[in-house]
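Participant: I have a structure I would like to understand better, so I am pasting it below and will then ask my questions one at a time.
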Amino acid sequence: MFAYIKGTLEEKSTNYVVIEVGGIGYKIFMSNISINEIGELGNKVKVHTHYYVREDNISLYGFNSQEELRMFELLISVSGIGAKSAIAMLSQISSYDFALAVISNDVSKLVKVPGIGKKTAQRLAYSILEQPPERAKAFAEALVNAREKIHFCSVCQSLTDLEVCQICSDVARDKSVICVVEDPRDVMAFERTREYRGVYHVLHGVISPLDGIGPEQLKIKELMTRLSDEGVKEVIMATNPTVEGEATASYLSRLIKPMGIKISRLAYGIPVGGDLEYADEFTLARALEGRNEI
Ligand SMILES: [Zn+2]
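Counting in my numbering, the sequence shown runs from 2 upward without gaps.
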């Protein structure tokens, strides 16, 4: 309804400003970072606005830049995050830290914001990771910068801003057990169980002939190199229990069996047709514990 408001800055409070346009004062809620940057009373200012309408809250929210506005709109599109929480987040964490927290899946930073629980932060991180890079660019330059810094770990192929990720470089981890997963988010899911002390290998997908994804599109060559070099004793197939996940697991076990390495598959606990990343810690821990040799 209102794309922006341009007028005279009449009042500045800790969480809103009043801008006068033609005899009408518009009360606009803003992050305190934006309020600090907006300028002096009496100045002509322009803020980008979002007209927020919910049963319990009809307000105007304002932003100094399009990027901040887009970030706000992205935040409130996540279920469980309302306008007030979104503004609180924009007030407490720089967009760079925010982006880094999201990309590295380190939700502990986001959880510090009042009103953001662990589940919501996780949901937020996931919904942002699913944005195509073009949109990510539009919503925050910082996200793009951070994203460019993030690449695949040279060992396990998970996401990291280091050459070798923290899990792979942790001397306390058991390098003789490799848990093979489809997606970096599955690594995070296993890490949340605090049960698993081995290392991971991320395939970045599953074999899916219908989608034109064959073994050569996945990080299978890298896995085979690890298996021949690193004295691995066991490989846990933790692909999702879908048709493609099962097919990928059995393809890999045919490749690995001749090497004399034990191969196991996640057992009970994970619903068939379900998605590992949404499994709770308990279910995932049980599935890990009850894995079978295949
Ligand atoms: Zn790694």
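C-beta atoms are modelled at their ideal positions from N, C-alpha and C, and glycine is treated no differently.
1. So, with DSSP's three-state summary, where would you put GLU11?
2. Can you find the residues in the same chain that come closer than 7 Å, C-beta to C-beta, to PHE73, ignoring five residues on each side of it along the sequence?
3. Considering only their Cβ atoms, is the gap separating VAL200 from ILE179 smaller than 8 Å?
4. Would DSSP call ILE25 helix, strand or coil?
5. For GLU332, collect the residues of the same chain with a Cβ closer than 7 Å to its Cβ; drop the 5 residues on either side in sequence, then sort them by chain order.
6. Looking at the structure shown, is VAL46 part of a helix, part of a strand, or coil, going by DSSP?
7. Could you name the residues of the same chain whose beta carbon sits closer than 7 Å to that of ASP187, not counting the 5 residues immediately before and after it, in chain order?
8. Give the range of the alpha helix (DSSP H) segment to which ASN33 is assigned.
9. Under three-state DSSP, which class holds VAL233?
10. Roughly how many angstroms separate the alpha carbons of GLY118 and GLN67, rounded to a whole number?
11. Please report the straight-line C-alpha distance between ASP162 and LEU42, rounded to a whole angstrom.
12. Along the chain, where does the beta strand (DSSP E) that runs through GLY63 open and close?
13. Going by other Cβ atoms of all chains shown within 10 Å of its Cβ, with 16 needed for buried, is PRO259 buried or exposed?
14. Exposed or buried, ASN241, counting other C-beta atoms within 10 Å across all chains shown (16 or more means buried)?
15. Considering only residues of the same chain and omitting the five flanking positions on each side of LYS176, which have a CB-CB separation below 7 Å?
16. Using only CA atoms, which one of ILE237, SER35, THR243 lies nearest to GLY291?
17. If you draw a straight line from the C-alpha of GLU235 to the C-alpha of PRO185, how long is it?
18. May I have the straight-line CA-CA distance separating TYR252 from ILE264, to the nearest angstrom?
19. Taking the alpha-carbon positions, what's the GLU164 to CYS154 distance?
20. Closest by CA to GLY83, which one among ARG71, GLU69, LEU70, ASN58?
21. Can you determine whether any heavy atom of ligand 1 sits closer than 7 Å to the C-beta of ILE168, and answer yes or no?
22. Compute the Euclidean distance between the alpha carbons of LEU289 and ARG255, then round it to the nearest angstrom.
23. Could you work out which residue in HIS202, GLU38, GLN218, GLU196 is closest to LEU228 when comparing CA atoms only?
Facilitator: According to the structure shown:
1. strand
2. Only HIS51, TYR62, PHE64, ALA87, LEU91 meet the Cβ criterion.
3. yes
4. strand
5. Beyond the ends of the chain as shown, which are 2 and 295, falls residue 332; an answer cannot be given.
6. strand
7. Counting only Cβ-Cβ distances below 7 Å, and skipping sequence neighbours, we find ALA239, LEU277, GLU278.
8. Per DSSP, ASN33 is one residue of the alpha helix (DSSP H) stretching across 33 to 38.
9. coil
10. 27 Å
11. 43 Å
12. 58 to 64
13. exposed
14. buried
15. Only VAL200, GLU231 meet the Cβ criterion.
16. ILE237
17. 20 Å
18. 12 Å
19. 6 Å
20. ASN58
21. Proximity of the beta carbon of ILE168 to ligand 1 is indicated: a heavy atom of the ligand is located closer than 7 Å.
22. 21 Å
23. HIS202
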